[in-house]
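Input: a single structure, listed below in structure tokens.
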Amino acid sequence: MPELAEVEYMRKRWNPGLGQRIEGVRLHAKAGVFRGTKPRLIARYLTGATFIASEAAAKQMLFRASGGVWLGLHLGMTGELSVQPAGYLPRKADHLVLEQSGQALIFSDFRMFGRVQFAVGPEAPVWWTEIAPAVMSKHFTREAVATFLRRRAKSPIKAVLLMQERFPGVGNWMADEILWRAGVHPRRPAGSLTPVEVAALHRQTRWVADHALKTIGETFADPPPSWLFRHRWKDGGRCPKSGEGLVREEIGGRTTCWSPGRQQLP
DNA sequence: TCCTATGTTGTATG
DNA sequence: ACATACAACATAGG
């Protein structure tokens with residue numbers, strides 16, 4: 001489920017816990033989402049700490065608690081955050097539960113492609129600070145995109161858009177939406193795009209991120225029917241701009257949807 | 001039973 | 001060292 005805007009929405013779901021003490025921690029220490037961490041240490045440090053602030057970047061979230069405690073969450077493919085009433089009994093996929101007075105903050109992920117990260121210290125940990133600058137930031141320039149596409153010249157542009165080191169937060173549906181709006185065929189080699197196409201790709205990346213945050217990121221509401229998003233999920237969909245049938249094929253290992261009239265190979 | 005799924009990551013190959 | 005391609009991870013639902 002989660003790309004840039006879905007992640008932002010999920011981050012805010014824990015807002016009711018801000019300013020509240022974490023009275024207890026329940027976790028599934030052997031769950032794959034804790035790979036590379038020491039779950040018992042996480043439980044020990046979080047217990048008694050106060051949840052202070054959170055932010056999202058790319059497809060990740062960072063939760064800060066008192067005492068220099070930093071909790072990172074990645075939702076993988078099926079991760080979710082929720083708030084449940086106090087006394088809630090964790091279910092199978094509820095791998096991390098932060099108990100507060102009157103409520104519990106839940107991280108669940110049945111497929112366990114998500115992950116938990118953890119650090120203690122005065123500064124945000126490197127696994128957070130090394131995330132690429134957001135596509136809405138001033139660092140995401142047309143020139144940076146052009147340089148990156150040149151370095152990945154032979155890969156299909158669809159696969160390149162999924163690379164988090166340059167397009168943080170872009171996932172499968174966003175990549176298709178961006179290419180559709182830019183009028184670029186997903187199978188085009190990244191190095192073959194003209195300067196005009198690179199400019200369009202850069203502009204549409206920002207546009208899609210901005211508008212997804214305003215719809216999905218705020219209320220989890222679907223974007224309007226004018227978006228490819230609303231038509232791309234199953235066979236038989238029609239292009240909201242041209243009305244022609246959409247095509248779905250696997251590109252770069254991911255199901256890809258495009259509008260053949262608007263997005264052509266040379 | 002078989003296929004698909006809004007994501008990464010390790011590994012093999014060039 | 002770098003770029004590229006793809007299997008693997010784990011689970012549910014159609």
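With this note's numbering, the residue at position 59 of the first sequence is 59, and numbering never jumps.
Just so it is clear, CB atoms sit at the ideal spot from N, CA and C, and this is done for glycine as well.
Using the Cβ count rule (16 or more neighbours within 10 Å means buried), how would you classify S259? buried
Does the separation of the CB atoms of V247 and L201 fall below 8 Å? no
Report the option in C257, G253, G252 whose CA atom is closest to the CA atom of P240. C257
Do you know offhand how far G261's Cα is from E249's? 15 Å
Between the stretch 124-133 and the stretch 78-97, are three or more C-beta pairs nearer than 8 Å? no
Mind checking which residues open and close the alpha helix (DSSP H) that includes I39? Rather than Ile, the amino acid found at residue 39 in this sequence is Pro. Note, P39: alpha helix (DSSP H), 39-46.
R268 to W70 span [Cα, whole Å]: The structure shown has nothing for residue 268, since the chain only spans 1 to 266.
Considering just the uninterrupted stretch of the beta strand (DSSP E) at Q103, what are its terminal residues? 103-109
Spell out the partners DSSP gives V250 in its beta bridges. Here the sequence assigns Glu to residue 250, which means Val is not the residue at that position. Answer by DSSP bridge pairing, in chain order: T255.
Residue environment, V212, which counts as buried when at least 16 other CB atoms sit within 10 Å: Checking the sequence, you will find Ala at residue 212 rather than Val. Buried: at least 16 other Cβ atoms inside 10 Å.
Assigned secondary structure, E99 (DSSP; H/G/I helix, E/B strand, else coil): strand
Quick check: the Cα distance between L62 and I52, rounded to an integer number of angstroms? 11 Å
Assess contact between the stretch 130-139 and the stretch 99-117, defined as three or more Cβ pairs (one per stretch) separated by less than 8 Å. Is contact present? no
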